[in-house]
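Remarks on the structure that follows.
There are 2 protein chains.
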Amino acid sequence: MSRPPAGSPLRVALLGCGVVGTEVARLLQSQSTELAARVGAPLELAGIAVRDASRPREGLEGTGLDALLTEDGEGLVRRADIVIEVMGGIEPARGLLLAAIESGASVITANKALLAQDGPTLYAAADAAGVDIYFEAAVAGAIPIVRPVRESLAGDHVERILGIVNGTTNYVLDRMASEGLDLDVVVKEAQRLGYAEADPSADVDGHDAAAKAAILASLAFHTRVRLEDVAVEGIMGLTAQDIAWAKANDQVVKLLAIAERTEDGVVVRVHPALVPAAHPLAGVHGAFNAVFVEARSAGELMFYGRGAGGEPTASAVLGDVVSAARHRVLGGKGPVESSYAQLPVLPASHALTRVQIRLDVQDRPGVLAKVAAVVAEHGVSIEAVRQAPGDGVAHLVVTTHAASQEALDATVEAIRGIDVVDTVVSVLRVEGF
Amino acid sequence: MSRPPAGSPLRVALLGCGVVGTEVARLLQSQSTELAARVGAPLELAGIAVRDASRPREGLEGTGLDALLTEDGEGLVRRADIVIEVMGGIEPARGLLLAAIESGASVITANKALLAQDGPTLYAAADAAGVDIYFEAAVAGAIPIVRPVRESLAGDHVERILGIVNGTTNYVLDRMASEGLDLDVVVKEAQRLGYAEADPSADVDGHDAAAKAAILASLAFHTRVRLEDVAVEGIMGLTAQDIAWAKANDQVVKLLAIAERTEDGVVVRVHPALVPAAHPLAGVHGAFNAVFVEARSAGELMFYGRGAGGEPTASAVLGDVVSAARHRVLGGKGPVESSYAQLPVLPASHALTRVQIRLDVQDRPGVLAKVAAVVAEHGVSIEAVRQAPGDGVAHLVVTTHAASQEALDATVEAIRGIDVVDTVVSVLRVEGF
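Sequence order for the protein chains is A and B.
The opening residue of the first sequence carries number 1 in our numbering; numbering runs sequentially from there.
The opening residue of the second sequence carries number 434 in our numbering; numbering runs sequentially from there.
Encoded structure:
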């Protein structure tokens, strides 16, 4: 890595000028004195690569920064010491980052889709070139989670991560719980308020959370986890009744990104789950994100904050810029994204989970015994059975101990076949108990 | 800083062999292969300095590590690349760390008392010698808070920190709330369970929290904050009634370490405060710790985890060991603990706070008007007045807007003098609303 003499300016290239890019550009300008003090050299914004440099940018008005807009991303990265990519999408982001790395620049990216799909290529390229790659903003926005997992827990073993990493779905579930509203009503409200996209499927179907889960799992387990390794289930199947029942039983429903180390390897999944109301994740409201980490020595840790938005994401980007810039001025290098452990990545069927099964059953003696017998036949053990409040028909809530998804699926199928069972109302996984 | 060739072992000196030291020694031994992979060179435990090397150590039985015990701390640090100090207290810890730094070793310390009293001397010495000093374990045990504040928020501005940084008092307040018990009963219970010391004063009087507040404030505001700059009030004045009333009003009482940046400088204080039940800090139960950070761009962040204990603290120490060791192998240096901002450190009287004042008053018309008039006379504005449930006598709860401590003290004094006021039952500060 080339090191400019201490004090001489570092040239920073910014790729992308959307909400985050605009904020990064403004902060580089307005905080230049303080950033120079923290880095040990001035940061000079050399250019902002955009698709159409002639289009006026609202956020840059009156800053003089619009003079830096350029359509020549390739040329820009070749003359930069530090390249910040906040354009999103796979190409041209991927090509520009690789070009930057090749030419010896340190890179910072907020691009979760790219990292989830092709992170290892970028990490390997950066390692080969001896430059830093940082991506704190790609997972959970402003929440410092990458650095703690990479560095603070470097002498520990992460065993499990439970993350609320999608603000839109957390907002939706939170509103459903607080207002007793149906999912589609709240999704429409979220769209109106700008918390959800016109096409909310990436959020509500869990794909956004899955990309972050892949990155988190790769980091935590030093293993290459790709987006397609993540089993995904969104929130669209959830009813107001599910949420209300959870609430009545001191539980909340959260969309969780779960990465865990089993005896045989790593399992990564995204799905809604019941979480006890006293669990720290239950207190994560609105569009906030949180990542709960279970480590062998450190025990339980949680990192909480804003998962999206221009300013919070720009804060995370700038923290990375300072680290990378300090390394160029003072020497040194950030941690390498090693996948040295390279544990087997297993399908979600290998995860042991607990479920809560809600049933409408006939109100007569012997029903519970029949259900219990069927569950036992499938090798699943029951942790608790409760009578839930109902009118006329009887309701049963069966909570199992941990079992394989296969055994649980078979159990639920068999319960459906019992003559005294009217309906299996819902089956929800249970986490954090 | 001397750099051994990559691959040649780094000599690690451990100072202290209590609960944390024993765990660090055991992890250095049991995790040696993985640590070597993460660092790029093996870590070789060169010795463990203790006062009495002949005393058998339970935790080291059967490990062979007891052969490394030595009473010659001075000699040990002089031949080490990395020195880990977990002995606590001011001397000989301070002298040994300075000797280590002088001889070119990187140092890691978990010693909050020493850092709160004399951190700047150590930081300056490390900076002059070009070696790393890390201290993640000194604040909030296993919770990665130092690294995020130093590095992740390096491009942002911290405006306020609210921390639950003492597990003993949090356990006590939590038990009071959940069981309705009196403070002295719970403190005795905590002593029996080993959560509180035989002499619990450092915890319950807030001094332990104050040391951590000083370190956090120094970090967050790049300003030298000493222990004696922190205004401290413990939890001994709290009654079961205070806690019960808070609970009935969707609030919890927490002992908070608060560091904030005002227009004129930095104010740091430790005192009990009412926190809304929906605030993330309210969900921090038992002996857990959490640090809530308000930053200009990142917004609200929270870091949660175990604040004490051998294993969690050892995890934080080892994370620092890996960082320091990587720097020695690969080159580079950790962030310097700079106090470049050096803002004025102001007495707590400069903090604007809100208070909730509970009064027993005579049950007749005009009482509220009289109280309101007295509050207004002192330039304090009222946010809310509520009638609290009572029998016979009337209860008033007055919540103020933010005002200076001086104005609030004068207000409370004047309220005491009103003829229709029987008693000022309690005055509690309010935070996080």
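Even glycine gets a Cβ: it sits at the ideal position worked out from N, Cα and C.
On a predicted model such as this, the values are computed, not experimentally measured, just so you know.
*Taking only the alpha-carbon atoms, compute the straight-line gap between A/A190 and B/Q674 and give it to the nearest angstrom.*
41 Å
_Suppose contacts are defined by Cβ-Cβ distances below 8 Å. Is B/R759 in contact with B/V472 by that definition?_
yes
*asked:* As a quick exercise: from A/D132, A/A384, A/E159, pick the residue whose alpha carbon is nearest that of A/V266.
replied: A/E159
*Cutoff 8 Å: A/D174 Cβ touching any chain B Cβ*: no
*If you draw a straight line from the C-alpha of B/M669 to the C-alpha of A/I415, how long is it?*
56 Å
*Between A/A209, A/H285, A/S152, which lies nearest to A/R175 when the distance is taken from Cα to Cα?*
A/H285
*asked:* Against A/E342, what residues of chain B qualify as contacts under a CB-to-CB distance less than 8 Å, listed in chain order?
replied: In the sequence as displayed, the identity of residue 342 of chain A is Gln instead of Glu. By Cβ distance, chain B contributes nothing, its closest Cβ being about 12 Å from A/Q342, past 8 Å.
*Does the count of Cβ pairs from the region 509 to 527 of chain B and the region 605 to 619 of chain B closer than 8 Å reach three?*
no
*Find the residues of chain B that neighbour A/S404, judging by a C-beta separation of less than 8 Å, and give them in chain order.*
The premise fails here: A/S404 is roughly 29 Å from chain B at the closest Cβ pair, so nothing lies under 8 Å.
*C-beta neighbour in chain B for A/F303, strict 8 Å*: yes
*With 16 other CB atoms within 10 Å as the buried threshold, where does B/V762 fall?*
buried
*asked:* So A/V355 and A/T400 are supposed to be a Cβ contact under 8 Å. How far apart are they, rounded?
replied: 5 Å
*From A/R261, A/G309, A/L318, pick the residue whose C-alpha is nearest to that of A/V293; which is it?*
A/R261
*Using a C-beta to C-beta distance shorter than 9 Å, which residues of chain B count as neighbours of A/A105?*
Within chain B, no residue comes near A/A105; the closest Cβ sits about 18 Å away, beyond 9 Å.
*May I ask you to verify whether the region 493 to 506 of chain B touches the region 462 to 482 of chain B, counting CB pairs closer than 8 Å and requiring at least 3?*
yes
*How many Å lie between A/T109 and A/A138 at the Cα?*
7 Å
*Find out if the Cβ-Cβ distance for the pair B/A646, B/V703 is shorter than 8 Å.*
yes
*Verify whether the separation of the beta carbon atoms of A/L359 and A/V424 is less than 8 Å.*
yes
_Quick check on the DSSP output: what are the complete beta strand (DSSP E) runs of length 3 or more inside the region 257 to 301 of chain A, in order along the chain?_
266 to 276, 288 to 295
*Listed in chain order, which residues of the region 147 to 160 of chain A have Cβ atoms closer than 7 Å to some Cβ of chain B?*
R147, P148, E151, S152, L153, A154, G155, D156
_Own chain residues within Cβ distance below 6 Å of B/L502, not counting five before or after_ = I481, V483, A486
*Quick one: is A/Q31 near chain B, going by C-beta distance under 8 Å?*
yes
*asked:* Can you tell me where the alpha helix (DSSP H) holding A/S32 begins and where it ends?
replied: 32 to 39
*Would you mind working out which of B/A741, B/L671, B/N599, B/R739 sits nearest B/A690, comparing C-alpha positions?*
B/N599
*asked:* Strictly under 8 Å for the Cβ-Cβ distance: is A/A295 near chain B by that measure?
replied: yes
*Beta carbon of A/I357 nearer than 8 Å to that of A/V421*: no
_Residue burial classification, A/P200 (beta-carbon count within 10 angstroms, cutoff 16)_ = buried
_Using only the alpha-carbon positions, how far apart do B/R436 and A/D132 sit?_
The predicted position of B/R436 is uncertain, since its pLDDT is 46 and thus under 50; a value taken from the coordinates is nonetheless stated next. One C-alpha to the other measures close to 20 Å.
_Is there a C-beta anywhere in chain A that falls below 8 Å from the one on B/R512?_
no
_Chain-ordered neighbours of A/P280 on chain B, where CB pairs are closer than 7 Å_ = G716, Y737
*Note the first and the last residue of the continuous beta strand (DSSP E) segment covering A/S426.*
421 to 430
*Inter-residue CB distance, A/A196 and A/L255 (contact presumed, cutoff 8 Å)*: Incorrect: roughly 13 Å between the Cβ atoms, too far for contact.
*Examine chain B for any beta-carbon lying closer than 8 Å to the beta-carbon of A/E434, and answer yes or no.*
Within the shown structure, residues of chain A are numbered from 1 to 433, placing residue 434 of chain A beyond reach of any answer.
*How is A/E61 classed by DSSP in three states: helix, strand or coil?*
coil
_Reduced DSSP secondary structure (H/G/I, E/B, other) of B/L529_ = helix
*State buried or exposed for B/P683, treating a residue as buried only when at least 16 other CB atoms are found within 10 Å of its CB.*
Here the sequence assigns Asp to residue 683 of chain B, which means Pro is not the residue at that position. Per the 10 Å Cβ criterion, exposed.
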